Amino acid sequence: MEREKLLDIRDLSVRYTTDGIISRAVNHVSFSLDKGRILGLVGETGAGKTTTALSLMGLLPKYTSEIEGELQFQGKDLAKISEKEFRNIRGRHISMIMQDPMTSLNPVFRVGDQIADVIKIHNKGMKKNEVNEEVDRILTMVGISPDRKNEYPHQFSGGMKQRVMIAIAIACKPDLLIADEPTTALDVTIQAQVIKMMKNLQKELGSAVILITHDLGLVANFCDDVAIMYAGEIVEYGTLEDVFDRTKRHHPYTDGLFGAIPNLTVKTDRLTPIAGMTPNPAELPEGCKFHPRCPRCMEKCESGEVPVSVRDGHRMQCHLALEEDVK
Numbered sequence: 475m476e477r478e479k480l481l482d483i484r485d486l487s488v489r490y491t492t493d494g495i496i497s498r499a500v501n502h503v504s505f506s507l508d509k510g511r512i513l514g515l516v517g518e519t520g521a522g523k524t525t526t527a528l529s530l531m532g533l534l535p536k537y538t539s540e541i542e543g544e545l546q547f548q549g550k551d552l553a554k555i556s557e558k559e560f561r562n563i564r565g566r567h568i569s570m571i572m573q574d575p576m577t578s579l580n581p582v583f584r585v586g587d588q589i590a591d592v593i594k595i596h597n598k599g600m601k602k603n604e605v606n607e608e609v610d611r612i613l614t615m616v617g618i619s620p621d622r623k624n625e626y627p628h629q630f631s632g633g634m635k636q637r638v639m640i641a642i643a644i645a646c647k648p649d650l651l652i653a654d655e656p657t658t659a660l661d662v663t664i665q666a667q668v669i670k671m672m673k674n675l676q677k678e679l680g681s682a683v684i685l686i687t688h689d690l691g692l693v694a695n696f697c698d699d700v701a702i703m704y705a706g707e708i709v710e711y712g713t714l715e716d717v718f719d720r721t722k723r724h725h726p727y728t729d730g731l732f733g734a735i736p737n738l739t740v741k742t743d744r745l746t747p748i749a750g751m752t753p754n755p756a757e758l759p760e761g762c763k764f765h766p767r768c769p770r771c772m773e774k775c776e777s778g779e780v781p782v783s784v785r786d787g788h789r790m791q792c793h794l795a796l797e798e799d800v801k
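Heads up: the sequence shown begins at 475 in this note's numbering, then just goes up one per residue.
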């Protein structure tokens, strides 16, 4: 069955300027997402994942950020539309589950009112009783009793707050749902429940999803496609099978991420972490951004452009990939 493209990001770059210091948070990122597909955006803290998501939501800081490139969504370039146009898209066509439900919910408003606000903004002619019925329906969808809609956020546990955040995000049945590390503050049992619920909702609504995470186990259970992000660049991109098939070649950073995961079948004294630290976006190294930490670094990796190799849709930004193609 032919896929229908929903989102097409081309050469996206985002810079922040603070006190004269320029931080290059996202650098020439390109990827696309089809309707109904789930993309995992994976990388360490500071890789540029959340900045990419905020670009799609039109929520970058107004005076300190600068954006370049194209964000094609349903025939519109989101990088060039006005704030008024974004208000019609945000919440209705693109929604985001923020990283921390503890601070994202308004503590002085009832949870039912916070869900109702989204519905009323995008459905001007809806009557009050219809809005209330819709709030009840959405709360039921995310596993919360409608009887609790008049309670305040502090009366909910962490996992229940996250469910409320998801309810707000799906209130208008968005075409694209962005989930920014939705299970970070939750314990393992609640994580599994939230992810299972999100997967069921995604199938029911038919929405495309961008899951931002550093948890490869979560990606394996939830995603169709995977983009590995490092220092504001996508260094590897492909289907779940492409990235998780350990018999295939991979970017050294991807190998490092998998090497840091415990293996229950192998006895070892220590895990194998990636050496060094993520570079400061204000002081990115020349050449391949990963070369100071890469165990397979060559002289040519330290300067110049890094080539991109594509094989059956599996994309990798690394000199090693081209060398292996030649062999």
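By construction, the Cβ of each residue, glycine as well, lies at the ideal position given by its N, Cα and C atoms. A quick note: this is a predicted structure, and the numbers were derived from the prediction, not measured.
Residue pairing by DSSP puts residue 479 in a beta bridge opposite 508. Taking C-beta separations shorter than 6 angstroms and ignoring five residues to either side along the sequence, the partners of residue 520 in its chain run 752, following chain order. Listed as beta-bridge partners of residue 570 by DSSP are 652.
Ranking 637, 530, 525 by CA distance to the CA of residue 619 puts 637 first.
Judged by beta-carbon spacing, residue 627 lies beyond the 9 angstroms limit of residue 571, meaning their Cβ atoms are not closer than that value.
Measuring C-alpha to C-alpha distances from residue 778 to each of 483, 762, 787, 673 identifies 762 as the nearest. Counting along the chain, residue 609 sits inside the alpha helix (DSSP H) bounded by residues 602-615. Assignment of beta-bridge partners to residue 789 by DSSP yields 711, 784. Below 8 angstroms, too few C-beta pairs join the stretch 601-614 and the stretch 647-655 to call them touching: fewer than three.
Residue 687: member of the beta strand (DSSP E) spanning 682-687, first to last residue. Of the candidates 671, 741, 748, the residue whose Cα lies closest to the Cα of residue 732 is 748. With contacts defined by Cβ atoms closer than 9 angstroms, residue 682 and residue 510 form a contacting pair. Of the candidates 625, 592, 557, 616, 625 places its Cα closest to the Cα of residue 582. In the structure shown, residue 729 adopts helical secondary structure according to DSSP, grouped into three states. Within the same chain, Cβ atoms closer than 6 angstroms to the Cβ of residue 653 are found at 571, 685, the five residues on either side in sequence being excluded. In this structure, DSSP gives residue 546 an extended state, which the three-state scheme calls strand. When DSSP states are grouped into helix, strand and coil, residue 556 belongs to the coil group. Inclusion of residue 501 and residue 706 in the CB contact set at 9 angstroms is warranted, their separation being smaller than that value.
By the C-beta density criterion, residue 623 is buried, having at least 16 other C-beta atoms within 10 angstroms. The alpha-carbon of residue 756 is positioned some 16 angstroms away from that of residue 766. In this structure, the beta-carbon distance from residue 480 to residue 560 does not fall below 9 angstroms. In the displayed model, residue 749 falls within coil according to three-state DSSP, outside both helix and strand. In the DSSP annotation of this structure, the continuous segment of the alpha helix (DSSP H) that includes residue 590 starts and ends at 585-596. In the DSSP assignment, residue 701 forms a beta bridge with 515, 711. Three or more beta-carbon pairs separated by less than 8 angstroms are not found between the stretch 481-499 and the stretch 664-672, which leaves the two stretches without contact.
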